[in-house]
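Colleague:
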Amino acid sequence: MRGYLPVTVDEIASFLANQSMECGPLYAPTIKFLTANSEMDEEEGEYLLSMLAADEALEMREDSDRLGFILALEVTDQEISEHGENFVLLKEAAKWVSVQCAFSVSPDGEELTWFATQEISLALDQWLKGI
Numbered sequence: 000m001r002g003y004l005p006v007t008v009d010e011i012a013s014f015l016a017n018q019s020m021e022c023g024p025l026y027a028p029t030i031k032f033l034t035a036n037s038e039m040d041e042e043e044g045e046y047l048l049s050m051l052a053a054d055e056a057l058e059m060r061e062d063s064d065r066l067g068f069i070l071a072l073e074v075t076d077q078e079i080s081e082h083g084e085n086f087v088l089l090k091e092a093a094k095w096v097s098v099q100c101a102f103s104v105s106p107d108g109e110e111l112t113w114f115a116t117q118e119i120s121l122a123l124d125q126w127l128k129g130i
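The sequence shown begins at 0 in numbering that gives the first Met the number 0 and counts up one residue at a time.
1) Pick helix, strand or coil for A27, following the three-state DSSP scheme.
2) Is the beta carbon of A92 less than 8 angstroms from the beta carbon of M20?
3) Judging by CA-CA distance, which residue of G44, T75, E61 and H82 is the nearest neighbour of V8?
4) Starting from M8, trace the alpha helix (DSSP H) both ways and give me its first and last residue.
5) Taking the continuous beta strand (DSSP E) assigned at T112, which residues delimit it?
6) Per DSSP, C100 forms a beta bridge with which residues?
7) Answer yes or no: do E55 and P106 have a C-beta to C-beta separation smaller than 8 angstroms?
8) What is the DSSP secondary structure of M50, counted as helix, strand or coil?
9) Use the C-beta contact count for S103: other C-beta atoms within 10 angstroms, 16 or more gives buried, fewer gives exposed.
10) If G108 and A52 are in contact, beta carbons under 8 angstroms, what's the gap, nearest whole angstrom?
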């Protein structure tokens, strides 16, 4: 299952350095979410979940002119301790190897830019500088 984790840029840096991170809810296609949104196909559901994460990522910023960030993680049922309406909680700290990609969220929340996992470390310095 893919989950979308809103994060700060400092959390990304720490996660990458430590290779693990305690994290809050990941927006994910839970049974409750899929049932409530049965008219959506998988792609539409993933988009909606990523936009929910984007909204939270923007709230987490210290400066409203800066980007927000989301990490997409692939998690197994065995890693999940709780299923909510549109989120899951993990039993243990998330592992960096589960990160599938990152998204930057434009300051207005209208645009997500995708970054492959291997691009995250390359872009991190610019993100930390607020570029």
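For each residue, glycine too, the CB sits at the ideal point set by N, CA and C. Being a predicted model, the structure only gives us computed values, none of them experimental.
Modeller: Quick answer:
1) Here residue 27 refers to the residue found at position 28 of the sequence shown. When secondary structure is reduced to three states using DSSP, A27 falls in the coil class, being assigned neither helix nor strand.
2) By 1-based counting over the sequence shown, the position of residue 92 is 93. By 1-based counting over the sequence shown, the position of residue 20 is 21. Using a Cβ distance threshold of 8 angstroms, A92 and M20 count as a contacting pair.
3) Looking up residue 8 in the sequence shown gives position 9. When only C-alpha atoms are compared, the closest one is E61.
4) Locating residue 8 in the sequence shown gives position 9, where the first residue counts as 1. A small correction: the amino acid at residue 8 is Val; Met does not occupy that position in the sequence shown. For V8, the enclosing alpha helix (DSSP H) covers residues V8 to N17.
5) For the purposes of this step, residue 112 is taken as the residue at position 113 of the sequence shown. T112 -> beta strand (DSSP E) spans L111 to A115.
6) Position 101 of the sequence shown holds residue 100. Answer is A71 and A115.
7) Translated into the one-based positions of the sequence shown, residue 55 becomes position 56. Translated into the one-based positions of the sequence shown, residue 106 becomes position 107. If you check the CB distance, E55 and P106 do not come in under 8 angstroms.
8) Here residue 50 is taken as the residue at index 51 of the sequence shown, counted from 1. When DSSP states are grouped into helix, strand and coil, M50 belongs to the helix group.
9) For the purposes of this step, residue 103 is identified with residue 104 of the sequence shown, where counting begins at 1. So S103 counts as buried.
10) For the purposes of this step, residue 108 is taken as residue 109 along the sequence shown, with counting starting at 1. For the purposes of this step, residue 52 is taken as residue 53 along the sequence shown, with counting starting at 1. Actually they are not in contact, since the Cβ atoms of G108 and A52 sit about 11 angstroms apart, beyond 8 angstroms.
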